[in-house]
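> Chains as they are written, first to last, in my numbering: chain A, -11 to 336; chain B, -11 to 336; chain U, -11 to 336. Even glycine gets a Cβ: it sits at the ideal position worked out from N, Cα and C.
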């Protein structure tokens, strides 16, 4: 597979600086790229690698400075242009229609003829699988679940009974959609054997709207009643926990190992870094952003940036952190004040 | 499926305020419930939804105030009554006895005739599966493992060799019982190729006593020697990590993404919020409670509430947090003191 | 299986204090060991258990004190000696060569004749599985993946297409190697339906070098370009997240639930406790160590110990924690200073 540089530029809406007839054969990191390769430069941390790169062409932003003679593909959003170029070289895997004889498709399941059901995949009774969707080995689609068109369910993904996956969703290996929410009512009397935790039926479902991605081994619980929902275009990273009745707004990005407790509503375009924790029953406004490891105990207004534990507006957190860093000095100054004051008092 | 309101009240030990002959057909959230539905109200955050709800009947506590004319099912513990009502409408799935011809049951395994072994489930040599227990597709029960009666192992659960699951246990999808503990002894000499980490055999087992639930993709490691054990009635949420030789006491609740390091003993009725971390070799007393993200480095006495990182008694943590919040002000006041003192000294 | 004490000592390079002819039949914890058992004592927390133990012999360090008459196996590194003794009693499971008729091995896959492919395991097209390697039920090895010699892939492990596993690697149940990295470029225009996150192809691979262990349900993402790599002898615990293009140096130990963001390079012999988080694009020097829950935002030099969030050198963190603990007292003292100063001013 190869493209001319001019062709790449046209396909991604970029602009060539240099020889547009250059033949590009691969996408490579700056350090490993050679004369027939395209690479990209968007993070200043890698300026030295950019300067030293032997890449035939480098994708950069409109105003990026570069050494004279360096062939460039300039784009308003360099990272997006890179993503598009890379997609040309690495087109998504096409489904190979058909149901493997070593897969199990239960009674009443509806599999689109263009779908690909691989060996050792399982589809439950009355479940549906849409056009061009691929189920890899070990995938389990429960009874009555609905999987849309153009989805990829990687190996060992579980979608439990009655849950819903929209179109163009990708579920990385081991992701679990629709496990029971963690709901127990304390029953002091039990059934003759002392107290117990009485399980609250988790009779709702979990739903992914269109264009959602779930990371490897992440868990999205089904609702106690109603549904847990990840809305259109939201992306969820590995090992994220979304509890029962959580709602994640469209286009939100939730990084790895973040956990969101029951019934919390997250707005549109929210971004959470890794290992964030949000307690239950909160409202997180549109466009809010959270630093890594933030621990959120209260509602957050739209557009705010929160950090820390307990999380506060990011600027306050920075100030608090600065003040904490200097605490030993503060102690010293207070002790000095006490000494000086004592001296003054003795003199008076 | 439907019940009269009077019948529901009788079954859950509650009391009707209104027309007991009302026919109830579904359990629904406050916002979506209609005249033939039962809902519940237990969290004040949803007072407006309660006031506006069109639910035919709402389950509430004994002293909850409600608008005149509202039909109510009052109970001492509203959430427990709701759980019981919901269980009437959503009874647990009954097993369909038998072993699927597409399951694999190894030599010497003992499957109770009333158990349900679904397609693509695997049971190892000499393993046992008790009465009415259900193994979903993709479940792997290792050689010599023992699964009790009335258990549900959801898709892709793994119970490794020789591990033990009691009666009435539920393992959500992807849960792993009995993976090797993380134990390595540093071997400076290695075997001629320099230092290495020498694997410490994890020859013990992991055991769940009766009535335990494990969340999706959680991991409970087998012991180095002896056993890791989750005692009667404890409930473990998604993505929780229990390391080798950990013991979780009866009726404890461990929320999502919490991690407990090796050999720590957790008492009875302990409650941990999400993302808590407990270091190894500690004793956590009965009834202790932990705020979200608490990081625990020391033993905790029975009945205490700990928060923060490093975790301290919750009241101390609140005080520290308050003091930290006001640190910038403290700096300001100290600077003012220094100024005033200097002035006084110059005057003196 | 049994050994004489003298034989054990010789095999592990230790020294007997007592009767070398003692017949040892089991390895047991101090509390449960009897006269024919070997146990070990290396953590002072268990001194009482050591004193009370009925173990026939206890493995201890060279300078450990013990009651007169206690039979001991002394070794320079007691824990390593214990690991070696335990390995004698619990030798690793030998592979039973062959491919189960209920496994699926795709066209062009190369399985070494000494490998063991168990029921319901899957090997993709063109993949290779080395000598004496064991694939348990539910394992999925993707197209073109390469698994080395003497590996164990426990149930439901996923190795996605083209990824590489070295020799003598162990992957605990549910571990995922080679899921897509979390990479999206924001595309304001989308395709007529408004903004979207454009998926950046994750066309690289993930690789484990020799002697690596991955914990249960951990996730190691494939690279955007190039490879994510865990180098020789590193050990990764349960539920750890390694993002795209991360590099983990040889012999590093990463404890449970830690997360490392994209492109961060971790050096040789680094040790991270549980629930640590490291942001992306950092350099972590050789031999650096991290306390539990550390949140790391900056490069860390070789050999340093960091703790806290944001992480700082451990000694600074201890000092800050101490100062924070005493903040309420500091406020009190400042208020007293203000009072005294006011009094002085009024007198002046």
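Apply the 10 Å Cβ neighbour rule to residue 179 of chain A and answer buried if 16 or more other Cβ atoms are within range, or exposed otherwise.
The count along the first chain starts at 1 and reaches residue 179 of chain A at position 191. Looking at its Cβ environment, which holds fewer than 16 other Cβ atoms inside 10 Å, residue 179 of chain A is exposed.
> Using Cβ-Cβ distances below 7 Å, what residues of the segment 256 to 279 of chain U are close to chain B?
Within the segment 256 to 279 of chain U, the qualifying residues are 262 and 263.
> Assign residue 32 of chain B to one of two classes, buried (16 or more other C-beta atoms within 10 Å of its C-beta) or exposed (fewer than that).
Mapped onto the second chain, residue 32 of chain B falls at position 44. Flag for residue 32 of chain B reads exposed.
> Can you give me, in chain order, the residues of the segment 222 to 242 of chain U that have a beta carbon less than 8 Å from any beta carbon in chain A?
For the segment 222 to 242 of chain U, which is checked against every Cβ of chain A, the residues closer than 8 Å are 227, 229 and 231.
> Kindly list, in the order they appear in chain A, the residues whose Cβ is closer than 7 Å to that of residue 288 of chain U.
Numbered from 1 along the third chain, position 300 holds the residue referred to as residue 288 of chain U. None at all; the shortest Cβ gap to chain A is about 15 Å.
> Ordered along the chain, which non-local residues of its own chain (more than five positions away) have a Cβ less than 6 Å from that of residue 251 of chain B?
The count along the second chain starts at 1 and reaches residue 251 of chain B at position 263. Closer than 6 Å at the Cβ level, and outside the excluded window around residue 251 of chain B, lie 233, 268 and 269.
> State yes or no: is the C-beta of residue 211 of chain U within less than 9 Å of the C-beta of residue 192 of chain U?
As a working note, residue 211 of chain U is residue 223 in the third chain. As a working note, residue 192 of chain U is residue 204 in the third chain. Cβ distance < 9 Å, so residue 211 of chain U and residue 192 of chain U count as in contact.
> Are the C-beta atoms of residue 301 of chain A and some chain B residue less than 9 Å apart?
Your numbering for residue 301 of chain A matches position 313 in the first chain. False, the Cβ-Cβ gap to chain B never drops below 9 Å.
> Could you give the first and the last residue of the continuous beta strand (DSSP E) run that contains residue 185 of chain U?
Here residue 185 of chain U refers to the residue found at position 197 when the third chain is read from its first residue. Unbroken beta strand (DSSP E) run through residue 185 of chain U: 184 to 187.
> Could you please give the first and the last residue of the uninterrupted beta strand (DSSP E) stretch that includes residue 215 of chain U?
On the third chain, residue 215 of chain U is found 227 positions in, with the first residue counted as 1. From DSSP, the beta strand (DSSP E) with residue 215 of chain U extends over 215 to 218.
> Tell me whether residue 53 of chain B is buried or exposed, calling it buried when 16 or more other Cβ atoms sit within 10 Å of its Cβ.
In the second chain, counting from the first residue as 1, residue 53 of chain B sits at position 65. Looking at its Cβ environment, which holds fewer than 16 other Cβ atoms inside 10 Å, residue 53 of chain B is exposed.
> Measuring CA to CA, which of U:111, U:57, U:36 and U:28 is closest to residue 74 of chain U?
One-based indexing of the third chain puts residue 74 of chain U at position 86. The candidate whose alpha carbon is nearest that of residue 74 of chain U is U:28.
> Comparing C-alpha positions only, which one of A:301, A:113 and A:6 sits nearest to residue 97 of chain A?
Reading the first chain from its first residue, position 109 is the one you call residue 97 of chain A. If we check each option's Cα against that of residue 97 of chain A, A:113 comes out closest.
> I want to see whether chain U comes within less than 9 Å of residue 285 of chain A, judged by CB atoms only; does it?
Walking along the first chain from the start, residue 285 of chain A turns up at place 297. False, the Cβ-Cβ gap to chain U never drops below 9 Å.
> If the cut is a Cβ gap below 9 Å, which residues of chain B does residue 119 of chain U touch?
In the third chain, counting from the first residue as 1, residue 119 of chain U sits at position 131. Chain B residues near residue 119 of chain U: none, gap ~18 Å exceeds 9 Å.
> Should the segment 116 to 133 of chain A be regarded as contacting the segment 98 to 105 of chain A, the criterion being three or more beta carbon pairs within less than 8 Å?
Output reads yes: the segment 98 to 105 of chain A touches the segment 116 to 133 of chain A.
> Does residue 298 of chain B come within less than 9 Å of chain U when only Cβ atoms are used?
Along the second chain, one-based indexing puts residue 298 of chain B at 310. So yes, residue 298 of chain B belongs to the interface.
> Would you mind working out which of U:154, U:226, U:19 and U:137 sits nearest residue 85 of chain U, comparing C-alpha positions?
Taking the third chain and counting its residues from 1, the one referred to as residue 85 of chain U is at position 97. When each option's Cα is compared against that of residue 85 of chain U, the closest is U:137.
> What are the boundary residues of the alpha helix (DSSP H) that residue 323 of chain U is part of?
Position 335 of the third chain, counting from 1, holds the residue named residue 323 of chain U. 315 to 335 is the extent of the alpha helix (DSSP H) around residue 323 of chain U.
> Could you tell me if residue 226 of chain B is buried or exposed, where buried requires 16 or more neighbouring beta carbons within 10 angstroms of its beta carbon?
Counted from its first residue, the second chain places residue 226 of chain B at position 238. Flag for residue 226 of chain B reads buried.
> Do you know offhand how far residue 21 of chain A's Cα is from residue 0 of chain A's?
Start at 1 with the first residue of the first chain, and residue 21 of chain A comes out as number 33. Start at 1 with the first residue of the first chain, and residue 0 of chain A comes out as number 12. Their Cα atoms are separated by approximately 20 Å.
> Can you give me, in chain order, the residues of the segment 78 to 110 of chain A that have a beta carbon less than 7 Å from any beta carbon in chain U?
From the segment 78 to 110 of chain A, only 78, 90, 107 and 108 have a Cβ closer than 7 Å to chain U.
> Please work out which residues of its chain come closer than 8 Å, Cβ to Cβ, to residue 185 of chain U, disregarding the five sequence neighbours upstream and downstream, and give them in chain order.
Residue mapping note: residue 185 of chain U aligns to position 197 of the third chain, counting from 1. Result list for residue 185 of chain U: 172, 173, 174 and 175, in chain order.
> Taking C-alpha atoms, which residue in B:316, B:259, B:284 and B:183 lies nearest to residue 68 of chain U?
Locating residue 68 of chain U in the third chain gives position 80, where the first residue counts as 1. Considering only alpha carbons, the answer is B:183.
> Report the partner residues of residue 229 of chain U according to the DSSP bridge assignment.
In the third chain, counting from the first residue as 1, residue 229 of chain U sits at position 241. According to DSSP, residue 229 of chain U bridges with U:207 and U:247.
> Compile a chain-ordered list of the residues in the segment 29 to 50 of chain B whose CB is closer than 9 Å to at least one CB of chain A.
Hits within the stretch, in order: 31, 33 and 34.
> In angstroms, rounded to a whole number, what distance separates the CA positions of residue 256 of chain B and residue 279 of chain A?
Sequence index remark: in the second chain, residue 256 of chain B carries index 268 (1-based). Sequence index remark: in the first chain, residue 279 of chain A carries index 291 (1-based). Approximately 35 Å, taken between the alpha carbons.
> Chain U beta carbons: is any one of them nearer than 9 Å to that of residue 214 of chain A?
As a working mapping, residue 214 of chain A is identified with position 226 in the first chain. Answer no: the Cβ-Cβ gap between residue 214 of chain A and chain U never drops below 9 Å.
> Mind checking which residues open and close the alpha helix (DSSP H) that includes residue 82 of chain A?
Reading the first chain from its first residue, position 94 is the one you call residue 82 of chain A. Careful: residue 82 of chain A lies outside any alpha helix (DSSP H) and carries neither H nor E.
> Show which residues of chain U have a CB atom less than 7 Å away from the CB atom of residue 315 of chain A.
On the first chain, residue 315 of chain A is found 327 positions in, with the first residue counted as 1. The answer, in chain order, is 308, 311 and 312.
> Can you check whether the CB of residue 301 of chain B is closer than 9 Å to the CB of residue 285 of chain B?
If you number the second chain from 1, residue 285 of chain B lands on position 297. If you number the second chain from 1, residue 301 of chain B lands on position 313. No, they are not a contact pair.
> Inspect the CB distances between the segment 32 to 45 of chain U and the segment 153 to 161 of chain B and report whether three or more fall short of 8 Å.
Counting Cβ pairs under 8 Å, fewer than three are found: no touch.
> Do you know offhand how far residue 150 of chain B's Cα is from residue -10 of chain U's?
Along the second chain, one-based indexing puts residue 150 of chain B at 162. Along the third chain, one-based indexing puts residue -10 of chain U at 2. If you take the alpha carbons of residue 150 of chain B and residue -10 of chain U, they lie about 21 Å apart.
> Considering only the alpha carbon of each residue, which of A:108, A:23, A:309 and A:6 lies closest to residue 59 of chain A?
The count along the first chain starts at 1 and reaches residue 59 of chain A at position 71. Minimum Cα distance to residue 59 of chain A is reached at A:6.
> What are the boundary residues of the alpha helix (DSSP H) that includes residue 337 of chain A?
In the structure as shown, chain A starts at -11 and stops at 336, and residue 337 of chain A therefore has no counterpart that could be examined.
> Would you say residue 175 of chain B faces chain A, with C-beta separation under 9 Å as the test?
In the second chain, counting from the first residue as 1, residue 175 of chain B sits at position 187. Residue 175 of chain B does not count as touching chain A.
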